[in-house]
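Asker: The structure follows.
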Amino acid sequence: MAMGARIKQLRTQRGLTQQEIAEQLGMGRSNFGHIENDRVVPTSEDLQKIADILHTTADYLLGRRDAFAEQVPDWATAKDKRDFKKMLEEDGEVMFDGVPMSQGDRQRVMDVLTGLFWEAKQMNKRAKTTDHTEG
Numbered sequence: 010m011a012m013g014a015r016i017k018q019l020r021t022q023r024g025l026t027q028q029e030i031a032e033q034l035g036m037g038r039s040n041f042g043h044i045e046n047d048r049v050v051p052t053s054e055d056l057q058k059i060a061d062i063l064h065t066t067a068d069y070l071l072g073r074r075d076a077f078a079e080q081v082p083d084w085a086t087a088k089d090k091r092d093f094k095k096m097l098e099e100d101g102e103v104m105f106d107g108v109p110m111s112q113g114d115r116q117r118v119m120d121v122l123t124g125l126f127w128e129a130k131q132m133n134k135r136a137k138t139t140d141h142t143e144g
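Here this note's numbering is used: the sequence shown runs in plain steps of one and ends on residue 144.
Here it is in C-alpha cells:
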C-alpha cells in the first residue's frame with residue numbers, strides 16, 4: 010500500500026477531513042490532498058506531524074513497519090491476531106449513555122480495549138495451560 014493510501018485510510022478511520030489535517034499542518038486542503046494522492050512527497054517534518062495527528066509512526070506511513078504488528082505480543086498465535094484484527098475492523102458507531110463519542114474519545118477507548126484484549130487472551134492461555142497440566 011502506498012504512503013498516500015495509508016494516510017487516507019488512517020484519516021478516514023479517525024473521522025478526520027483533509028481540511029482538518031491540512032489546518033494542523035499549516036497548509037491548504039488541496040496540498041494535503043496531493044500528499045494523499047501520492048502526487049507530492051511530504052517533508053520529513055510534515056510526515057512526522059501527519060504520523061502524530063494519525064497516532065501512528067512515520068515508519069508505518071512509509072511502509073517500513075506494520076502498525077498492527079507493533080501492538081501484537083510475542084506469544085500471540087495467528088488465530089489471536091485474526092481475532093484482534095476483526096475486533097479493530099468492526100466500524101460501528103461507539104456510544105456512551107446513548108450519545109455518540111467523539112473520534113478522539115473513541116480512539117482512547119480503542120487503545121484501552123487493545124490492552125484489555127491482549128491481557129484477556131494471555132489469561133485464557135494461562136488458564137488452558139493450567140487446566141491441561143492439572144488433568
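Heads up, the beta-carbon is just placed ideally off N, CA and C, and yes, glycines get one too.
On a predicted model such as this, the values are computed, not experimentally measured, just so you know.
Identify the continuous alpha helix (DSSP H) that holds T86 and give its terminal residues.
Answerer: On the sequence shown, residue 86 is found 77 positions in, with the first residue counted as 1. Per DSSP, T86 belongs to no alpha helix (DSSP H) and is neither H nor E.
Asker: In whole angstroms, what is the alpha-carbon distance linking G35 and E54?
Answerer: On the sequence shown, residue 35 is found 26 positions in, with the first residue counted as 1. On the sequence shown, residue 54 is found 45 positions in, with the first residue counted as 1. One C-alpha to the other measures close to 12 Å.
Asker: Among the candidates R38, R91 and K17, whose CA atom is the shortest distance from the CA of F126?
Answerer: The residue you call residue 126 lines up with position 117 of the sequence shown. Cα-wise, what sits closest to F126 is R91.
Asker: Using only the alpha-carbon positions, how far apart do E29 and T139 sit?
Answerer: For the purposes of this step, residue 29 is identified with residue 20 of the sequence shown, where counting begins at 1. For the purposes of this step, residue 139 is identified with residue 130 of the sequence shown, where counting begins at 1. In a straight line, the C-alpha of E29 is about 51 Å away from that of T139.
Asker: If you count every other CB in all the chains shown that lies within 10 Å of the CB of R20, and 16 or more means buried, which is it?
Answerer: To locate residue 20, count along the sequence shown from 1; it is residue 11. With 16 or more Cβ atoms within 10 Å of its Cβ, R20 is classed as buried.
Asker: Would you tell me roughly how many angstroms separate the C-alpha atoms of T52 and Q18, rounded to the nearest one?
Answerer: Along the sequence shown, read from residue 1 onward, the residue named residue 52 stands at position 43. Along the sequence shown, read from residue 1 onward, the residue named residue 18 stands at position 9. Taking the straight line from one Cα to the other gives about 20 Å.
Asker: Identify which residue in G13, Q131 and D89 has its Cα closest to the Cα of N46.
Answerer: Looking up residue 46 in the sequence shown gives position 37. For N46, the nearest C-alpha among the options comes from G13.
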